[in-house]
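Engineer: Before anything else, here's the structure in question.
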Amino acid sequence: MMFGKKHIKNAVGLDIGSHSIKAVEIKARNKHGQNIFELKSIGYEPLSYDAIVEGTIIDTTAVAETIKIVFDENKIKNKNVVISISGNSVIIKKISLPNMETEELAESIIWEAKHNIPYPYEETNVDYAILKQSDPEKEQNLDILLVAAKKDKIANYSNAVKQARRNLTAIDVDVFALLNSFEINYPENFKKKTVAIINIGSNLTNLVIIENGHPQLFRDLNIGGALFAENISKELNIGFDESEKLIKGIPVEQISQEKFQYVLDMNLQNILEEIKKTFLFFEAGEKMDRKIETVYISGGLSKLSNLSGHIEQKVGIKTEIFNPFRMIEYNESKFDNLYFEDMAALFGVATGLAVRSAVT
Ligand SMILES: Nc1ncnc2c1ncn2[C@@H]1O[C@H](COP(=O)(O)OP(=O)(O)OP(=O)(O)O)[C@@H](O)[C@H]1O
Ligand SMILES: [Mg+2]
């Protein structure tokens, strides 16, 4: 899903998160008809907490400068980037249409967008992907993923990239990047299983459910580490930065682990409830016997101690940490193994962006 840009191969996947900016550069080569992916570069840099607020870049200069640091410090020479957006200003709808010619389809898409998207058509950029030709006998047999993004959101993010003097080649959507990342790293499970991927970041939690290679549900929940930190600050009467430390397992003076754990548990209950509700909604959906088999978690908050255990207990489904480098080769003399183990949780989106750019 690409919003109105010219595609350039091997662009750097740049994930502009509200807590940190991540970059991944990947090269693909073909071996016996199969794609082999190799990591070329990787970068991470935290962002000041008021630069992006509720998904809007407030301080474009801070974001642009941080992008530059990510590239400079990691010697990434490639200026072409692909970014992703998410949240309320991106709407994803699955629709079914009868079989038709391409031109006719383009018109139908506009009509469908005007009727399915809760924003004025003129204020959005619309794109679509054909999911599958379901049943040729059925009349409504084109399953289509309709995606609309608010133009102001696109401009907001494009401006920061422009100011950082990078060449923006495409704009994707977080959940699609996660999907791509999962497909190449867990190809068997992607094709044959029903799985959920939950990316818990700072401002947002992206959730996608895939059934036998087909995405079935996308959701962005307005929950994440920043909300946790705000609540903890209020409850314990400490600063935001101190709350962030506690979340990352760093002790803060005069705050006992018990006190912190109590407030953290309250916040966790909230996110666990939302996850459970989404799963129940999916499993009660159109088909019988839908059952999610495995949950994969990623994002900064997935590093919270025993989060997978909490999810397993709440929803009764096996939960693992998603490894976005599982099937990606890298030169061990150039990249540190420990870094990968520690940071893998943060790179689900950036890797997905880079992989897509490497193969299309
Ligand atoms: N070691 C850790 N343990 C627990 N939480 C952590 C750890 N490291 C980071 N986090 C939390 O993860 C969050 C950041 O995650 P992430 O980098 O995925 O977000 P982001 O992509 O920058 O934000 P978003 O996509 O929501 O705008 C922060 O709220 C931070 O507190
Ligand atoms: Mg993120």
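The sequence shown runs 0 to 359 under numbering that gives the first Met the number 0.
Don't be surprised by glycine CBs; every beta carbon is placed ideally from N, CA and C.
Over what stretch of residues does the alpha helix (DSSP H) that includes Y156 continue unbroken?
Structural biologist: Segment K150 to Q162, the alpha helix (DSSP H) holding Y156.
Engineer: Looking at C-alpha atoms only, which residue of E121, P45, K26 and I274 is the closest neighbour of L345?
Structural biologist: Nearest C-alpha to L345: P45.
Engineer: Three or more C-beta pairs closer than 8 Å, one from the stretch 34-41 and one from the stretch 94-106: is that the case here?
Structural biologist: No: fewer than three Cβ pairs fall under 8 Å.
Engineer: Out of E328, K290, L267 and F280, state which residue places its alpha-carbon closest to the alpha-carbon of K313.
Structural biologist: Ranking the options by Cα distance to K313, first place goes to L267.
Engineer: For the alpha helix (DSSP H) containing I239, name the first residue and the last one.
Structural biologist: The residue asked about is misnamed: residue 239 is Phe in this sequence, not Ile. Segment F239 to I246, the alpha helix (DSSP H) holding F239.
Engineer: Indicate the three-state DSSP secondary structure (helix, strand or coil) for L203 in the structure shown.
Structural biologist: L203 falls in the coil class under three-state DSSP.
Engineer: Assuming I197 contacts I296 (C-beta within less than 8 Å), just tell me the rounded distance between them.
Structural biologist: Yes, they are in contact, since the Cβ atoms of I197 and I296 sit about 5 Å apart, within 8 Å.
Engineer: On the premise that D14 lies in contact with V348, defined as a C-beta separation below 8 Å, what is that separation, rounded to the nearest angstrom?
Structural biologist: Yes, V348 and D14 are in contact; Cβ-Cβ is about 4 Å, under 8 Å.
Engineer: Residue range of the alpha helix (DSSP H) that F189 falls in?
Structural biologist: Per DSSP, F189 belongs to the alpha helix (DSSP H) from P186 to K191.
Engineer: Using the three-state DSSP reduction, which class does R325 fall into: helix, strand or coil?
Structural biologist: If DSSP states are grouped into helix, strand and coil, R325 belongs with coil.
Engineer: On the DSSP letters alone, give me the boundaries of the beta strand (DSSP E) that I20 sits inside.
Structural biologist: That run of the beta strand (DSSP E) goes S19 to K30.
Engineer: Using 7 Å as the cut-off, classify the Cβ of V348 as near or not near the heavy atoms of ligand 2, replying yes or no.
Structural biologist: Yes, since a heavy atom of ligand 2 falls inside the 7 Å radius drawn around the Cβ of V348.
Engineer: Measuring from the CB of D126, is there a heavy atom of ligand 1 at a distance below 7 Å?
Structural biologist: For ligand 1, not one heavy atom lies less than 7 Å from the Cβ of D126.
Engineer: Look at the alpha carbon of T204 and the alpha carbon of I222, and state the distance between them as a whole number of angstroms.
Structural biologist: Computed Cα separation, rounded: 6 Å.
Engineer: Enumerate in chain order the residues of its own chain whose CB-to-CB distance from V174 is below 6 Å, with the five nearest sequence positions on each side excluded.
Structural biologist: Cβ within range, chain order: N205, V207 and F217.
Engineer: Looking at G16 and ligand 2, is the gap between the Cβ and the nearest heavy atom below 7 Å?
Structural biologist: True, at least one ligand heavy atom lies under 7 Å from that Cβ.
Engineer: Where do the N-terminal and C-terminal ends of the beta strand (DSSP E) with H213 fall, by residue?
Structural biologist: H213 -> beta strand (DSSP E) spans H213 to L220.
Engineer: So if DSSP puts G299 in a beta bridge, which residue, or which two residues, is it bridged to?
Structural biologist: In the DSSP output, where bridge partners are listed per residue, G299 has none listed.
Engineer: What separation, rounded to the nearest whole angstrom, lies between the Cα atoms of V251 and A50?
Structural biologist: Each residue's alpha carbon lies about 25 Å from the other.
Engineer: Would a C-beta distance cut-off of 8 Å place V80 and N166 closer than the cut-off?
Structural biologist: In contact: V80 and N166 (Cβ atoms closer than 8 Å).
Engineer: Quick one: does the C-beta of G298 sit closer than 7 Å to a heavy atom of ligand 2?
Structural biologist: Yes, Cβ of G298 sits closer than 7 Å to a heavy atom of ligand 2.
Engineer: Roughly how many whole angstroms lie between the Cα atoms of Q256 and L235?
Structural biologist: The alpha-carbon atoms of Q256 and L235 are separated by roughly 12 Å.
Engineer: Alpha carbon to alpha carbon, how far is T359 from K76?
Structural biologist: Their Cα atoms are separated by approximately 21 Å.
Engineer: Should A225 be counted as a contact of ligand 1 given a C-beta to heavy atom distance under 7 Å?
Structural biologist: At least one heavy atom of ligand 1 is nearer than 7 Å to the Cβ of A225, so yes.
Engineer: What are the boundary residues of the alpha helix (DSSP H) that A225 is part of?
Structural biologist: It spans G224 to L235 - the alpha helix (DSSP H) in which A225 sits, taken as one unbroken run.
Engineer: Using 10 angstroms around the beta-carbon of K102, count the other beta-carbons present and answer buried if the total reaches 16, otherwise exposed.
Structural biologist: First, the amino acid is wrong: residue 102 is Glu here, not Lys. Exposed: under 16 other Cβ atoms inside 10 Å.
Engineer: On the criterion of 16 or more Cβ atoms from any shown chain inside 10 Å, does I129 qualify as buried, or is it exposed?
Structural biologist: Classification of I129: exposed, given that the 10 Å Cβ count is below 16.
Engineer: Run the proximity test for G200: is its beta-carbon closer than 7 Å to any non-hydrogen atom belonging to ligand 4?
Structural biologist: Inclusion of ligand 4 in the displayed structure is not the case, the ligand content consisting of ligand 1 and ligand 2 alone.
Engineer: Quick one: using the 10 Å Cβ neighbour count with 16 as the cut-off for buried, is D171 buried or exposed?
Structural biologist: Answer is buried; the Cβ neighbour count reaches 16.
Engineer: Between the stretch 140-152 and the stretch 177-194, are three or more C-beta pairs nearer than 8 Å?
Structural biologist: Counting Cβ pairs under 8 Å, fewer than three are found: no touch.
Engineer: CB-CB under 6 Å to F259, same chain, minus the five flanking residues each way: which ones, in chain order?
Structural biologist: Excluding positions up to five away in sequence, the list reads L245.
Engineer: Excluding five sequence neighbours on each side, which residues of the same chain lie with their C-beta closer than 7 Å to the C-beta of N34?
Structural biologist: Excluding sequence neighbours, N34 sits near A27 and V358.
Engineer: If you draw a straight line from the alpha carbon of E272 to that of M265, how long is it in whole angstroms?
Structural biologist: Taking the straight line joining both Cα atoms gives about 11 Å.
Engineer: Leaving out five residues before and five after N73 in sequence, what residues of the same chain have Cβ atoms less than 6 Å from its Cβ?
Structural biologist: Answer for N73: S40 and G42, listed in chain order.
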